[in-house]
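What follows is a short report on a single structure.
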Amino acid sequence: MTTRIDRRFAALAAENRAALVTYLMAGDPDPATSLEVFHAMAKAGADVLEIGMAFTDPMADGPSIQAAGLRALQAGMTLKKTLALVADFRKTDDDTPIVLMGYYNPIYVMGVDKFLAAAQEAGVDGLIVVDLPPEEDDELCLPALKAGLNFIRLATPTTDDRRLPSVLNNTSGFVYYVSLTGITGAAIADYGKVGAAVARIKGHTALPVAVGFGVKTADNARQIAAQADGVVVGTALVDALKKSLDADNKATSGTVEAVAALVRELASGVSAGRKVAAE
Amino acid sequence: MNQQTPNSFRTGPDERGRFGLFGGRFVAETLMPLILDLEAAYEQAKTDPAFHAEIAHLHTHYVGRPSPLYLAERLTEHLGGAKVYFKRDELNHTGAHKINNVLGQILLARRMGKKRIIAETGAGQHGVATATACAKYGLECVVYMGAVDVERQKPNVFRMKMLGATVVPVQSGARTLKDAMNEALRDWVTNVENTFYCIGTAAGPHPYPAMVRDFQSIIGKEAKEQVMAAEGRLPDSIIACIGGGSNAIGLFHPFLDDKSVAIYGVEAAGHGLNVDNGHAASLAGGKPGVLHGNRTYLLMDDDGQILEGHSISAGLDYPGIGPEHAWLRDVGRVTYLSATDKEALAAFQLCSQLEGIIPALEPAHALAKVMELAPKLPKDHVMVMNMCGRGDKDIFAVAEYLGGM
Chain U
1 MTTRIDRRFA ALAAENRAAL VTYLMAGDPD PATSLEVFHA MAKAGADVLE IGMAFTDPMA
61 DGPSIQAAGL RALQAGMTLK KTLALVADFR KTDDDTPIVL MGYYNPIYVM GVDKFLAAAQ
121 EAGVDGLIVV DLPPEEDDEL CLPALKAGLN FIRLATPTTD DRRLPSVLNN TSGFVYYVSL
181 TGITGAAIAD YGKVGAAVAR IKGHTALPVA VGFGVKTADN ARQIAAQADG VVVGTALVDA
241 LKKSLDADNK ATSGTVEAVA ALVRELASGV SAGRKVAAE
Chain D
1001 MNQQTPNSFR TGPDERGRFG LFGGRFVAET LMPLILDLEA AYEQAKTDPA FHAEIAHLHT
1061 HYVGRPSPLY LAERLTEHLG GAKVYFKRDE LNHTGAHKIN NVLGQILLAR RMGKKRIIAE
1121 TGAGQHGVAT ATACAKYGLE CVVYMGAVDV ERQKPNVFRM KMLGATVVPV QSGARTLKDA
1181 MNEALRDWVT NVENTFYCIG TAAGPHPYPA MVRDFQSIIG KEAKEQVMAA EGRLPDSIIA
1241 CIGGGSNAIG LFHPFLDDKS VAIYGVEAAG HGLNVDNGHA ASLAGGKPGV LHGNRTYLLM
1301 DDDGQILEGH SISAGLDYPG IGPEHAWLRD VGRVTYLSAT DKEALAAFQL CSQLEGIIPA
1361 LEPAHALAKV MELAPKLPKD HVMVMNMCGR GDKDIFAVAE YLGGM
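Those protein sequence lines, which keep their order, are chains U and D. Under our numbering, read the first sequence as residues 1 to 279, first letter to last. Under our numbering, read the second sequence as residues 1001 to 1405, first letter to last.
Next up, the structure:
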C-alpha cells in the first residue's frame, strides 16, 4: 500500500531533489487562517505538510511551538477540529502529503480506532507521535500501519546501532532524524555530523531520511538537503507566523504571505542543495 | 470492578512497566535509551548488598531513621474513636519523606557516573531534599519549580539556594508542578549525556514509579515493625495523602497483602470535587490518559487537554497520580478519599494545637480524613497515618488563608 508520502518521496528522488517538510500548528492562530496558510505553503514549495495537533503539555517542544499550541487551544482548537481542517484542505488539494504530529493523550482519549478511521477519512497520510517509542508500538503504531497510515518515527543521536533496528522496524513513510538532543527550536545542528548520521540510518533502512531540528534559513536547508532525503523546518515557520500576528495574537493581512515567503526561500535552499552536492 | 483479585498486590510492575493498564514508558525517543540504562542500573543496584548497606547507613546517620511511630493521644481522645498513630516522617532530615527517595536516586546517579542532577518540585520539599543530597555529594543541582509555587513556598526556595542549587521558576502553563515537570523533561532531553533526572514522586516512565516506591517503602516496613512492637498486631487501617503518591505508596506497599489492613489514600479536593477545574483529585475526577511518561488517571477535558486543577497544597497540586495507585484503585485494594482545602486547614490547626505538631498541608489532608473516620471506629481500632512532612514551609501561606493570625 503506498501513501501520498511514499509517492512524493519517490517522485522527488527521481528529480534528484530533497523534500521540504514544513511544520505548523493546526489552528494557529485560528482555524480559517491556518487552512489558508497550509494551502499557501503547498503552493510555495512545501513537499510534505506536518500539521501539529495542539496539546497542553508538549514535553519535547521549545517555547515557540509551546506558544503556538496555546494560541491554537485558545482559538478553540481540538483534535476533531484538526481532522476537520485536514478534510477541508483535501477538498482542493489531493496531492500534498499530510502528517499529523503531536502527543498521544488527545488520540488516546478520542479512542485509537475512532481516531484512525477519522484521520483516514479526512485524508491524513502519516502520524508522528512524539511520546510513543517502539516499546509502546501496540498502542497506536501497529493499528495505524494496519489501517494503511504511515507511522513515522524519530531517530535521535541517542538512538545507537543497537536500538536503530527496533526504532526502524515499524516505521514507514520516512524516518525523521532529529539532528540534536533537545527540544524543538534549539540551536543549529552540526552539519558535519548530519551526513554520517544519515548514512548510519540508511545502513538499516531503505526508507527516505529527513533531517530536522535547528533548520532556520535557506542556507541551513541547502546544507541539509545535500546530505538527506528531506529537510524538516518547524520552529522558524512558527516564529515567522507569530511575528506577523497583531498584539492580541490575531492574524493580520500579512500572515499568510509571511509564512509563504519563508517557505519559498527554504524551497530554493533545498533545491540548491543537490546541485551543490552534484558539482 | 470485574477484575480478578490477584494472589499478591506486590508483584507489579510487569516487564513493560505496567501495573494493569497503567504505567508504561511514554517518552520521546531521545529519552528511551536513558530510561533503559536507568532500569538496568537500578536492577543491578537492587541486587547489590553494598547499595543497600549504603542506603541503610545514610538512613541511620544522615536522615535520622527510623522515624518514630507516635501515638497521638490527645487527638485520639478528642476524636473519641480509633487509636491514631502518626508515622513521623516529618522528623526526617529536610522535613519530609522526600529524602528517602532522593538518597536512593542520588546514589544510583553516582553509580552511573552522572554529575548533573535535575529535579521538579511542587511544595519544594523534593527540591530541598535533592539540593541537600547534591550538596552532600558535590553534584550540580538544577530544580524546576512553577513560578506560582516559587511564590507560595518561599522558605523552601531560600533553602534550595542556600544549599547551592539553581532554582528555575517555570513560567509556562499554570506555572505549578505539572509545568515544572514538563520543563525538567525538556532539560533532560537536551542534556542527556551528563544529566540524571531525580523524579520526586512515584510517577513518570518506568522504572521511576517502581524505583521511587521501593525507596519510599522504608516507611511502611518500619511502620509495620513499630506497630507490631507497640500493639502486638497489625494496624486495622493505614492512611496517607496523595499528590503523585510517593509517601502513600511507601507506607502502603508493605501492607498490600495484609488483607486485614484497610488502606486509605486521600487526594486534594481543593475548592470541592463539584467545582470545575477546582480540585486536584485525579482518581475522583479524572479518567485514564497519558502524561509525563505514564498512563494513569488524569484531570483533563473531553479533548484530552490536561486541566490545571487546584489545591491549597503545592505538593498535591498535580493533575495526575502515580500509576500504581491508579491500578490499586481499579482492583479495589485501596480506598481513595479526598479532602478539601478547608478540611485540610482545619486539620492543620487542630493537629498543631492538640499535638504540638505543625503538619505540612499535604498530610493535613490525610489528617482531615482521620478526623472523619476515627470517631466512627471502635477504641481498639488501630490507625496509622503518615505524617509525611512538617508545616514550617506552610505557615505564611496558612496565615494568609486564615486572614493573618
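We treat Cβ as the ideally placed atom computed from N, Cα and C, and that holds for glycine.
Interface residues of chain U facing residue i [CB-CB closer than 7 Å]
{"i": "I1306(D)", "result": "T56 and D57"}
{"i": "R1186(D)", "result": "M59 and I183"}
{"i": "M1112(D)", "result": "Neighbours of M1112(D) on chain U: none; closest Cβ ~15 Å, over 7 Å."}
Interface partners of residue i on chain D, CB under 7 Å
{"i": "V48(U)", "result": "Result: empty, since nearest Cβ-Cβ is about 20 Å, beyond 7 Å."}
{"i": "D160(U)", "result": "P1033"}
{"i": "L207(U)", "result": "What L207(U) touches in chain D: nothing, since even the nearest Cβ is about 15 Å away."}
{"i": "E136(U)", "result": "G1024, R1025 and F1026"}
{"i": "T156(U)", "result": "E1029 and T1030"}
{"i": "R163(U)", "result": "P1033"}
Within chain D, partners of residue i - CB distance below 8 Å
{"i": "Y177(U)", "result": "What Y177(U) touches in chain D: nothing, since even the nearest Cβ is about 10 Å away."}
{"i": "D131(U)", "result": "F1026, V1027, A1028, V1290 and G1293"}
{"i": "R153(U)", "result": "E1029"}
{"i": "V167(U)", "result": "E1029"}
Neighbour flag for residue i against chain U, beta carbons, 9 Å
{"i": "K1087(D)", "result": "no"}
{"i": "S1172(D)", "result": "yes"}
{"i": "E1193(D)", "result": "yes"}
{"i": "R1116(D)", "result": "no"}
{"i": "R1016(D)", "result": "yes"}
{"i": "L1273(D)", "result": "no"}
{"i": "L1021(D)", "result": "no"}
Contacting residues, own chain, Cβ-Cβ under 6 Å from residue i (five flanking each side not counted)
{"i": "Y1144(D)", "result": "E1120, V1168, V1170, A1180, E1183 and A1184"}
{"i": "W1327(D)", "result": "F1019, G1020 and F1022"}
{"i": "V270(U)", "result": "A18, L20, A221, A225 and V231"}
{"i": "S1237(D)", "result": "A1262 and M1383"}
{"i": "I1199(D)", "result": "Y1208"}
{"i": "L1402(D)", "result": "none"}
{"i": "P1375(D)", "result": "L1079, G1080 and G1081"}
{"i": "D131(U)", "result": "Y103 and Y104"}
Proximity test, Cβ basis, 9 Å: residue i and chain D
{"i": "I98(U)", "result": "no"}
{"i": "Q66(U)", "result": "yes"}
{"i": "V112(U)", "result": "no"}
{"i": "Y104(U)", "result": "yes"}
{"i": "G203(U)", "result": "no"}
{"i": "P63(U)", "result": "yes"}
Interface partners of residue i on chain U, CB under 8 Å
{"i": "T1190(D)", "result": "T181, G182, I183 and A186"}
{"i": "K1178(D)", "result": "D57"}
Beta-carbon contacts of residue i that lie in its chain and below 8 Å, excluding the five residues immediately before and after
{"i": "V1406(D)", "result": "Any property of residue 1406(D) remains undetermined from this structure, which presents chain D solely from 1001 to 1405."}
{"i": "P1006(D)", "result": "V1331"}
{"i": "S1260(D)", "result": "L1234 and D1236"}
{"i": "A122(U)", "result": "L83, A84, V86, A87 and R90"}
{"i": "Q120(U)", "result": "A147, G148 and L149"}
{"i": "L127(U)", "result": "V99, L100, M101, A119, L140, A144, L149, N150, F151 and I152"}
{"i": "F1009(D)", "result": "L1256, D1257, L1328, V1331 and R1333"}
Neighbourhood of residue i by C-beta, 7 Å cutoff - its chain only, sequence neighbours within 5 removed
{"i": "A267(U)", "result": "L20, A44 and G45"}
{"i": "N1191(D)", "result": "R1116"}
{"i": "A1028(D)", "result": "V1189"}
{"i": "K243(U)", "result": "A258"}
Best match in the options for proximity to residue i [C-alpha to C-alpha]
{"i": "E36(U)", "options": "T156(U), R264(U) and A260(U)", "result": "A260(U)"}
{"i": "G1034(D)", "options": "H1078(D), A1123(D) and F1196(D)", "result": "Checking the sequence, you will find Leu at residue 1034(D) rather than Gly. The shortest Cα separation from L1034(D) among H1078(D), A1123(D) and F1196(D) belongs to F1196(D)."}
{"i": "R1295(D)", "options": "H1206(D), R1333(D), K1161(D) and V1189(D)", "result": "H1206(D)"}
{"i": "S166(U)", "options": "R200(U), H204(U), G148(U) and Y177(U)", "result": "H204(U)"}
{"i": "G1286(D)", "options": "T1005(D), D1330(D) and S1246(D)", "result": "D1330(D)"}
{"i": "T1176(D)", "options": "A1123(D), R1010(D), N1156(D) and V1370(D)", "result": "A1123(D)"}
{"i": "V1275(D)", "options": "R1333(D), G1391(D) and S1311(D)", "result": "S1311(D)"}
{"i": "I1106(D)", "options": "L1069(D), E1231(D), E1054(D) and S1067(D)", "result": "E1054(D)"}
{"i": "L1337(D)", "options": "F1051(D), L1273(D) and E1140(D)", "result": "L1273(D)"}
{"i": "D57(U)", "options": "E1231(D), H1381(D) and P1319(D)", "result": "P1319(D)"}
Under 9 Å by beta carbon: chain D residues contacting residue i
{"i": "Y108(U)", "result": "P1288, G1289, V1290, R1295 and G1304"}
{"i": "R200(U)", "result": "Within 9 Å Cβ-Cβ: nothing; R200(U) doesn't reach chain D, min ~15 Å."}
{"i": "T235(U)", "result": "Within 9 Å Cβ-Cβ: nothing; T235(U) doesn't reach chain D, min ~14 Å."}
Chain-ordered chain U contacts of residue i [CB-CB under 9 Å]
{"i": "N1182(D)", "result": "D57, P58, M59 and Q66"}
{"i": "M1145(D)", "result": "Here the premise fails: no neighbours, minimum Cβ distance about 17 Å."}
**Study point:** Residues, ordered as in the chain, of the stretch 71-102 of chain U that lie near chain D by beta-carbon distance below 8 Å
**Key:** L73, T78, L79 and K80
Review point. Of the residues that make up the stretch 1320-1332 of chain D, which ones have a beta carbon closer than 7 Å to any beta carbon in chain U?
Key: Under the 7 Å Cβ criterion, the stretch 1320-1332 of chain D contributes no residue.
Practice item. Quick one: which residues of the stretch 1232-1263 of chain D get their C-beta closer than 7 Å to a C-beta of chain U? List them in chain order. Key: Flagged: no residues at all.
Check your understanding: Of all the residues that make up the stretch 1201-1233 of chain D, which are near chain U by a beta-carbon distance shorter than 8 Å?
Key -> none
Exercise for review: Determine which residues of the stretch 208-234 of chain U have a Cβ less than 8 Å from any Cβ of chain D, and write them out in chain order.
Suggested key: none
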